[in-house]
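One structure is given here, and the rest of the page talks about it.
Residue numbers (the working numbering): 1 to 684.
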């Protein structure tokens, strides 16, 4: 048997009549169990030889990579052969036919290698062909994507159309700007010609009582400001749009809080860079959401920076330092003259001295532009700037709120609501002007009546304004601002109080009277057409009152309780809002003060340390400290403080300004646009 089994190096030569074998492949982790099972079932009458396959093979079931081993089993007899095959099937081993003679095995190996080479050649050619097909398709993928998105949008829009009774044409009801009717008609004619249709498309202008969507035409400059307004609420159809006024007021109020010549210049430079390179940036199609948000507001940032430079000149503040452009209007020399009573001994014995503007030539008039630079070194700098910025904030706030109430008049006139003019606008304006308009007049009067020489005798406006509401005039030591102040202030408070019941009660009662009168006449309103027994022009005007405020075609029944509650809420909100909104504008003063103080602290605690060292070490220190100063300036004063001022300016426009005239109860006009669809602005 040995002579037939072992030949050459490897040797396994089988004697067909005595020994048989099977060969196959099995998972590597099953080899120990497989070997023990063969040994026990066959009682040691088989010989197993196995070797590990170096490369993992692909599992035909799940496609995963598994480690396998190749094996060969020698045995004798058909009974053992059946047992071995059943064990192989139980362990899910793959059996392969193997010739018995070496020559046949060599021929089979050569044939297998030939087939492998042929298959590899086919696979390589298939892969090359697939790559060529994919490269060709990649050139047209964008075109396919655009076509698919366009077709999807077109068919989705067609699904919104109705089919007429003849099943031969589509009927679509759409909103469109009146100015674009000619363009739409021309496009329909052109589409009819290109399609070869013999039936022209018909464009019919319908009459409807539904409120149309609001469409505000914008460009790349105004779109950012319009988005600020739309974030509060889409304006009702033909309601006055605050965006044109926001273009100026928003960056201006931001600059009041952010006013710094240096920081404003940096902000302007950044905005100019985005504006100059806007085409290149747009072509890059950056996916960074944060940068895209800033980039879309580049023109807002540009105006905010320009206005910040302007207010920086007004505050005379550049990185917490003043600019002595025209020379100070205050002089110390006259104080050393006999009338001033100052001497060198006075300087040595007193830590702080106060200039007396009553002394001739100490104060030579107002500084030509902005704040006098002498205030930067004055010990009462904060007291003076706080007083100035607080009064300025009140003035700006009252002016903007009065302007907002004035804009409500335009809405009432356009929508033909005389009741709102007589019993809302006029009382609201009187209430605002008699109280807070009077306060603004007092501020200007005090500035004009009390110059620098008489400023120490000026009475407190805060005390006078509080006493005005309390009717407290018993303090004999309190100095009046002008003759007849007590009588005028009492009259203004009474007038303001009388405006409250006028807004609260009169309008609901008038509406109730008009409703009962209309009901008594037996009139009804069908789709805006009044039918009744001899209506008057006044009645017709009454019936149309507030019809544009609803989306429904049928008018709602009059409910006096709902009207009274709504009017009460509006009146209370307005009266309390006048007080709270005026106080809210003091944030202009607070944030301006905070920005100036942060800038001063940053200068004193960082850059000043290096500048105070008069040596080579100081030069090296300035080099590194300037990097820290620049980083903190950009991170804290430009980004954080800028974002804070932006949010506060946003609140002042949304709450304090727009609520005086802007309801924002409409819905936006969203036209069909391939450009918007391809940019992914719409899901459908």
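For glycine and all other residues, C-beta sits at the position ideal for the given N, C-alpha and C.
task: Specify the secondary structure class of residue 535 as computed by DSSP and reduced to three states.
output: Bear in mind that a pLDDT of 42 at residue 535, under 50, signals an unreliable position, so the number given afterwards is only what the model happens to contain. DSSP places residue 535 outside both helix and strand once states are collapsed to three, so it counts as coil.
query: Taking all protein chains shown into account, do 16 or more other C-beta atoms lie within 10 angstroms of the C-beta of residue 589, making it buried, or fewer, making it exposed?
result: Burial call: buried.
message: By the three-class DSSP mapping on this structure, what secondary structure does residue 47 have?
response: Residue 47: strand per DSSP, three-state reduction.
- prompt: Just to confirm, are residue 268 and residue 238 a CB contact at a threshold of 9 angstroms?
  reply: It is not a contact, given that the beta carbons lie outside the stated cut-off.
message: Alpha carbons only, please: which of 262, 107, 329 is nearest the one belonging to residue 360?
response: Residue 360 has its Cα closest to that of 329, out of 262, 107, 329.
Candidates 189, 167, 290: closest to residue 723 by CA position: Only positions 1 to 684 of the chain appear in the structure, and residue 723 is not among them; the question remains open.
Counted within 10 angstroms of its Cβ, other Cβ atoms place residue 660 as buried (16 or more) or exposed: Buried: at least 16 other Cβ atoms inside 10 Å.
query: Which residues in the same chain as residue 305 place their Cβ atom closer than 7 angstroms to its Cβ, once the five residues preceding and following it in sequence are excluded?
result: Close CB contacts of residue 305 within its chain, under the 7 angstroms cut and outside five residues either way in sequence, are with 264, 267, 268, 271 (chain order).
message: For residue 653, count the other beta carbons within 10 Å of its own beta carbon; 16 or more makes it buried, fewer makes it exposed. Which is it?
response: Looking at its Cβ environment, which holds 16 or more other Cβ atoms inside 10 Å, residue 653 is buried.
message: Could you compute how far the alpha carbon of residue 181 sits from the alpha carbon of residue 175?
response: Residue 181 and residue 175 have their alpha carbons spaced roughly 11 angstroms apart.
- prompt: Any idea if residue 464 is buried or exposed, counting beta-carbon neighbours within 10 angstroms, 16 or more meaning buried?
  reply: With 16 or more Cβ atoms within 10 Å of its Cβ, residue 464 is classed as buried.
query: In whole angstroms, what is the alpha-carbon distance linking residue 95 and residue 142?
result: Within the model, the alpha-carbon separation for residue 95 versus residue 142 is close to 51 angstroms.
task: Could you tell me the distance, in whole angstroms, from the CA atom of residue 149 to the CA atom of residue 195?
output: It is roughly 21 angstroms from the alpha-carbon of residue 149 to the alpha-carbon of residue 195.
- prompt: Quick one: Cα of residue 123 to Cα of residue 66, how far?
  reply: Distance between the alpha carbons of residue 123 and residue 66 is about 22 angstroms.
Cβ pair residue 313, residue 261 closer than 9 angstroms: Taking C-beta atoms as the reference points, residue 313 and residue 261 count as a pair closer than 9 angstroms.
query: Is it buried or exposed for residue 394, if we count other Cβ within 10 angstroms and need 16 for buried?
result: Answer is buried; the Cβ neighbour count reaches 16.
Distance, residue 412 Cα to residue 222 Cα: Straight-line Cα distance between these residues: approximately 26 angstroms.
- prompt: Closest to residue 226 by CA distance: which of 296, 160, 166, 278 is it?
  reply: Residue 226 has its Cα closest to that of 296, out of 296, 160, 166, 278.
query: Going along the chain, which residues of its own chain have a beta-carbon closer than 7 angstroms to the beta-carbon of residue 538, five neighbours each way excluded?
result: Residue confidence is low: residue 538 scores 39 on pLDDT, short of 50, so the model does not pin down where it sits. Its coordinate-derived value is still stated next. Excluding positions up to five away in sequence, the list is empty.
task: Compute the beta-carbon to beta-carbon distance between residue 585 and residue 435, rounded to the nearest angstrom, for a pair I have assumed lies under 8 angstroms.
output: That belief does not hold up - the Cβ atoms of residue 585 and residue 435 are roughly 14 angstroms apart, past 8 angstroms.
- request: State buried or exposed for residue 90, treating a residue as buried only when at least 16 other CB atoms are found within 10 Å of its CB.
  value: Burial call: exposed.
- request: Compare the C-alpha of residue 480 against each of 74, 350, 445 and name the closest.
  value: The residue with the shortest Cα to Cα distance from residue 480 is 445.
Rounded straight-line distance, which links the Cα of residue 140 to that of residue 72: Taking the straight line joining both Cα atoms gives about 55 angstroms.
message: From the DSSP secondary-structure annotation, give me the bridge partner or partners of residue 330.
response: Looking at the DSSP assignment, residue 330 forms a beta bridge with 363.
Closest by C-alpha distance to residue 375, when choosing among 663, 323, 484: Per the C-alpha coordinates, the member of 663, 323, 484 positioned closest to residue 375 is 323.
query: For residue 496, is the classification buried or exposed, using 16 other Cβ atoms within 10 angstroms of its Cβ as the cut-off for buried?
result: The residue in question, residue 496, is buried, as its Cβ has 16 or more Cβ neighbours within 10 Å.
- prompt: Using the beta-carbon count (16 or more within 10 Å), is residue 684 buried or exposed?
  reply: Note on residue 684: pLDDT 42, under 50, position unreliable in the model; no value is reported.
field: Nearest to residue 561 (by Cα), restricted to the options 28, 507, 377, 246
entry: Measuring from the Cα of residue 561, the nearest candidate turns out to be 507.
task: Spatial neighbours of residue 233 within its chain, please: CB distance less than 6 angstroms, with the 5 preceding and 5 following residues excluded, ordered by chain position.
output: Shown here for residue 233: same chain residues with a beta carbon closer than 6 angstroms to its own, the five before and five after excluded, namely 664 in chain order.
- prompt: What is the DSSP secondary structure of residue 561, counted as helix, strand or coil?
  reply: Looking at residue 561 - three-state DSSP - the assignment turns out to be helix.
query: Where does residue 672 sit, in a helix, a strand or coil, going by DSSP?
result: Coil.
- prompt: Around the Cβ of residue 319, are there at least 16 other Cβ atoms within 10 angstroms (buried) or fewer (exposed)?
  reply: Counting Cβ neighbours within 10 Å, residue 319 comes out buried, since at least 16 surround it.
Beta carbon of residue 26 nearer than 9 angstroms to that of residue 92: Closer than 9 angstroms, so yes.
- request: Have a look at the DSSP bridge pairing and note the partners of residue 66.
  value: Beta-bridge pairing by DSSP links residue 66 to 57.
- request: Kindly list the residues whose CB is nearer than 6 angstroms to the CB of residue 172, restricted to its own chain and excluding five residues on each side of it in sequence; keep chain order.
  value: Sequence-distant Cβ neighbours of residue 172 in its own chain, meaning closer than 6 angstroms and more than five residues away, are 161.
- prompt: Taking three-plus beta-carbon pairs below 8 angstroms as touching, is the segment 52–68 in contact with the segment 112–122?
  reply: Note that the segment 52–68 does not touch the segment 112–122; fewer than 3 beta-carbon pairs, one per stretch, sit closer than 8 angstroms.
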